Amino acid sequence: MDKYLVTGGAGFIGSNIAEELVKRGYSVKIIDNFSTGKRENIFSFLDKIELVEGDIRDYDACRRALEGVDFVLHQAALPSVPRSIEDPLLTTDIN
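Residue numbers (UniProt numbering): 1 to 95.
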């Protein structure tokens, strides 16, 4: 069975992708630092996934998240135009 990692999996898009993968019977892992994602987005299927709470810029967190994964669906982002203007280096680093 294929295993998917969804970065930003607690965000709006990432959580919907993760939930659909779970419904289709795939093994799913999520990495999210919850800076913009919400726990309530994954609450209904939290018991069916593996959660790595961490930042995609953290090498060790990414290594943990990637263990045993076949596919990565990269959805982690800072999705705010005003924020990208206010802090372009951080936004570029993450996006």
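Idealized CB from N, CA, C, for every residue including glycine. Values in this document were obtained by computation on a predicted structure and should not be read as measured data.
- Here Ala-10 has Ile-30, Asp-32, Phe-34, Gly-37, Lys-38, Arg-39, Asn-41 and Ile-42 as same chain residues with Cβ atoms under 8 Å from its own Cβ, once five neighbours each way along the sequence are excluded.
- Boundaries of the alpha helix (DSSP H) harbouring Asp-60: 59 to 66, taken from the DSSP string.
- Leu-78 and Glu-67 have their C-alpha atoms some 25 Å from each other.
- Burial is judged here by how many other beta carbons sit within 10 angstroms of a residue's own beta carbon; Tyr-4 has at least 16 and is buried.
- DSSP places Asp-47 in the helix class (H, G or I) of the three-state scheme.
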